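In what follows, a structure is listed as structure tokens, so that the remarks can point back to it.
There are 2 protein chains.
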Amino acid sequence: MDHLPKAFDAHDHSHCAGNGIAQAEEILAKRNLRLTPVRRQTLEILLAEHRALGAYDVLQRLAKAGFGNQPPVAYRALEFLVEQGFAHKVRRLNAFTACMHPGQDHAPVFLICRLCDAVAETPAAQVRAALDAAALAAGFTVERSSIEALGLCPNCTGAA
Amino acid sequence: MDHLPKAFDAHDHSHCAGNGIAQAEEILAKRNLRLTPVRRQTLEILLAEHRALGAYDVLQRLAKAGFGNQPPVAYRALEFLVEQGFAHKVRRLNAFTACMHPGQDHAPVFLICRLCDAVAETPAAQVRAALDAAALAAGFTVERSSIEALGLCPNCTGAA
DNA sequence: CCTTGACATGTTATATCATAACATATCTAA
DNA sequence: TTAGATATGTTATGATATAACATGTCAAGG
Numbered sequence: 049m050d051h052l053p054k055a056f057d058a059h060d061h062s063h064c065a066g067n068g069i070a071q072a073e074e075i076l077a078k079r080n081l082r083l084t085p086v087r088r089q090t091l092e093i094l095l096a097e098h099r100a101l102g103a104y105d106v107l108q109r110l111a112k113a114g115f116g117n118q119p120p121v122a123y124r125a126l127e128f129l130v131e132q133g134f135a136h137k138v139r140r141l142n143a144f145t146a147c148m149h150p151g152q153d154h155a156p157v158f159l160i161c162r163l164c165d166a167v168a169e170t171p172a173a174q175v176r177a178a179l180d181a182a183a184l185a186a187g188f189t190v191e192r193s194s195i196e197a198l199g200l201c202p203n204c205t206g207a208a
Numbered sequence: 049m050d051h052l053p054k055a056f057d058a059h060d061h062s063h064c065a066g067n068g069i070a071q072a073e074e075i076l077a078k079r080n081l082r083l084t085p086v087r088r089q090t091l092e093i094l095l096a097e098h099r100a101l102g103a104y105d106v107l108q109r110l111a112k113a114g115f116g117n118q119p120p121v122a123y124r125a126l127e128f129l130v131e132q133g134f135a136h137k138v139r140r141l142n143a144f145t146a147c148m149h150p151g152q153d154h155a156p157v158f159l160i161c162r163l164c165d166a167v168a169e170t171p172a173a174q175v176r177a178a179l180d181a182a183a184l185a186a187g188f189t190v191e192r193s194s195i196e197a198l199g200l201c202p203n204c205t206g207a208a
């Protein structure tokens, strides 16, 4: 099953982290924006795990890395990363997770495991198309969407 | 356009409120559960508007109606209504809205207007099917889902 | 009836999540 | 090299949510 989302599958995780940073730098350069130290560290923190971290978790780790430890430090960096498409907010968890396909314009769909807390971002074109169709029927114009499923990941399905 | 969601269309709103309460009573009777005064009032508060209300908004209105004015009063009533399927939580807004089709098992899809704050619950079978398909491909079992779109309702599309 | 246990409500206190506002520092371009 | 824009640090507070325990209500069995 090598088509599984990374979050649910063993993999060489150093790739995720390394790639994530490199892609962010490249994209930001094109936009004349900067991946400053706090932002970079914040992205690294999120990339370090395939799950969502609360802003205060991120803040703690930033503080350990020598940055300020007041909430706005974390929230500002997270807001920047979300705006630029390198992270998403998982609303069910009030938490943030690194984006798995930065650069591509996309509406994220999250699969959240309630046992192991893994968060996978999964291909969404069909879901998004269905949502757009439903909205169209209602005369509604979609600007942003959040689609989240809570349940059991393949690794925890047996365990439950 | 009489197929529009109620939230986006002028309508005799007394129907929504009256029906909502009646349906809730009927369903709860079957389940041997009680629509107590606080719960009833809370549902009426939500039914009074086609938008989402924060728990503290609900609490204020409950207090005016003579109920306790501490947060747990509102949160408990809301939790009950959500569990029983008479209300939903709109996560993007950290707010609650009355369910438009209680009794039917359904995964809600919300269309949230960012200008007038209207919240419409729209038919979701297709969206839900697409989400299930995506989850299946990832080996994920969906238990609950929240699907929300932010944008412009038909009444505000022109105005923007 | 009356008492007991389950459910519901009230209240205090506190946890958790998020942002406003302002001071300071750094970077960039004229 | 200085002005403006951007970024960071810090203080304070606002907004959302729940734990824990006390009190009240109601219905079923003794």
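Going down the list, the protein sequences come from chains A and B. Going letter by letter, the first sequence gives residues 49 to 208 in the numbering used here. Going letter by letter, the second sequence gives residues 49 to 208 in the numbering used here. Every residue gets a Cβ at the ideal spot worked out from N, C-alpha and C, and that includes glycine. Here the structure is a predicted model, which is why all the values come from computation and not from measurement.
Check                                                                                                                         : Outcome
Cutoff 6 Å; reference Ala-183(B); Cβ partners in own chain excluding five residues on either side                             : Val-190
Beta-carbon neighbours of Ser-193(B), restricted to chain A and to distances below 8 Å                                        : Ile-195, Glu-196, Ala-197 and Leu-198
At least three beta-carbon pairs within less than 8 Å, the stretch 172 to 183 of chain A to the stretch 192 to 206 of chain B : yes
Arg-82(B), buried or exposed, once every other Cβ within 10 Å from all chains shown has been counted against 16               : exposed
For Thr-189(A), three-class secondary structure by DSSP                                                                       : strand
Thr-90(A), DSSP secondary structure in three states                                                                           : helix
CB contact check: Gly-133(A) to chain B, cutoff 7 Å                                                                           : no
Euclidean distance between Cα positions of Ala-70(B) and Ala-207(A)                                                           : 42 Å
Three CB pairs or more closer than 8 Å across the stretch 136 to 147 of chain B and the stretch 92 to 106 of chain B          : yes
DSSP bridge partner residues for Gly-199(A) (one or two, in chain order)                                                      : Cys-161(A) and Val-190(B)
Within the stretch 111 to 145 of chain B, ranges of the beta strand (DSSP E) (whole runs, at least 3 residues)                : 135 to 138
Cβ-based neighbour list, Ala-166(B), same chain, cut-off 7 Å, excluding 5 preceding and 5 following                           : Ala-55, Phe-56, His-98, Arg-99 and Cys-201
Short CB-CB distance (under 7 Å) between Cys-201(B) and chain A                                                               : yes
Expected contact under 8 Å - CB spacing of Val-86(B) and Leu-110(B) to nearest Å                                              : 7 Å
Three-state class that DSSP yields for Arg-109(A) in the structure shown                                                      : helix
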